[in-house]
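Participant:
Numbering (the working numbering), first residue to last: 982 to 1169.
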């Protein structure tokens, strides 16, 4: 049976802290719905019962950025793949915070910034839903992949910005905010 709350509880946060993968869904009023798996170690933060954020590295597109600029709605889903069975969804409104933004210095210290860091998505929690998760298979986490961080570590700043930082459109042509590469150790 699904249960709704207006904010994250201590038991929700305990469940979130144990997750090695989560899923993010966004959409604009028209076009594709974007659903992205996220799984790099330690990239999701509960900032308060009504606020969460996650660190985003450049990948194949910048759909979440474009969708949040167009609409703002976002859903984050986490599933227990061990016991107890549980699915947790966070419904909210999000916004991209880029290294050049005034809010970056407040958000960035909550994370270990990785090569390829593009932005942080800041999410105001509107509601939280839990459900049984009895249909989710039992699986164990073997390890995190290192490929994405290694890939970004091997790019020089100009090459990275040309390929990833300059993406100003979503797949459906919605505007996205471009960013310069954030390199750990640099001031941003």
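No residue lacks a Cβ here, since even glycine has one placed at the ideal position from N, Cα and C.
1) Just to confirm my understanding: we take residue 1035, look at its own chain, exclude 5 residues before and 5 after, and list those with CB closer than 6 Å. What are they?
2) Rank 1124, 1113, 1144 by C-alpha distance to the C-alpha of residue 1133 and give the top, closest one.
3) Residue 1010 to residue 1165, Cα distance in whole Å?
4) Apply the 10 Å Cβ neighbour rule to residue 991 and answer buried if 16 or more other Cβ atoms are within range, or exposed otherwise.
5) So residue 1046 is in the beta strand (DSSP E); what residue range does that whole segment cover?
6) What number of angstroms, rounded off, separates the C-alpha of residue 1106 from the C-alpha of residue 1128?
7) My assumption, with CB atoms under 8 Å, is that residue 941 sits in contact with residue 1020. Please give the rounded CB distance.
8) Please classify residue 1099: is it buried, with 16 or more other beta-carbons within 10 angstroms of its beta-carbon, or exposed?
9) Please state if the CB of residue 1069 and the CB of residue 1014 are separated by a distance shorter than 8 Å.
10) Leaving out the 5 sequence neighbours to the left and right, which residues in its chain are closer than 6 Å to residue 1110 when beta-carbon positions are compared?
11) What number of angstroms, rounded off, separates the C-alpha of residue 1161 from the C-alpha of residue 1064?
12) Tell me the DSSP bridge mates of residue 1106?
Facilitator: This is what the structure gives:
1) Along the chain shown, read from residue 1 onward, the residue named residue 1035 stands at position 54. Non-local C-beta neighbours of residue 1035 in its own chain, meaning closer than 6 Å and more than five positions away in sequence, comprise 1024, 1025, 1102, ordered along the chain.
2) Walking along the chain shown from the start, residue 1133 turns up at place 152. Closest option to residue 1133, Cα to Cα, is 1144.
3) As a working mapping, residue 1010 is identified with position 29 in the chain shown. As a working mapping, residue 1165 is identified with position 184 in the chain shown. Looking at the two C-alpha atoms, the distance is approximately 36 Å.
4) As a working note, residue 991 is residue 10 in the chain shown. Only exposed fits residue 991, as fewer than 16 other CB atoms lie within 10 angstroms of its CB.
5) Position 65 of the chain shown, counted from the first residue, corresponds to residue 1046. Counted as a single uninterrupted DSSP element, the stretch harbouring residue 1046 is not any beta strand (DSSP E) but the alpha helix (DSSP H) occupying residues 1044-1051.
6) Counting from one through the chain shown, the residue named residue 1106 turns up at place 125. Counting from one through the chain shown, the residue named residue 1128 turns up at place 147. Note on geometry: alpha-carbon atoms of residue 1106 and residue 1128 lie some 31 Å from one another.
7) Outside the modelled stretch of the chain, which goes from 982 to 1169, sits residue 941, for which no answer is possible.
8) Start at 1 with the first residue of the chain shown, and residue 1099 comes out as number 118. By the Cβ-count criterion, residue 1099 is buried, with 16 or more other Cβ atoms from all chains shown falling within 10 Å of its own Cβ.
9) In the chain shown, residue 1014 corresponds to position 33, counting from 1. In the chain shown, residue 1069 corresponds to position 88, counting from 1. Going by C-beta atoms, residue 1014 is not nearer than 8 Å to residue 1069.
10) Walking along the chain shown from the start, residue 1110 turns up at place 129. Only 983, 985, 1070 meet the Cβ criterion.
11) Within the chain shown, residue 1161 is the residue found at index 180, counting from 1. Within the chain shown, residue 1064 is the residue found at index 83, counting from 1. Cα to Cα, residue 1161 sits roughly 41 Å from residue 1064.
12) As a position in the chain shown, residue 1106 is number 125, starting the count at 1. DSSP lists 1073 as the bridge partner or partners of residue 1106.
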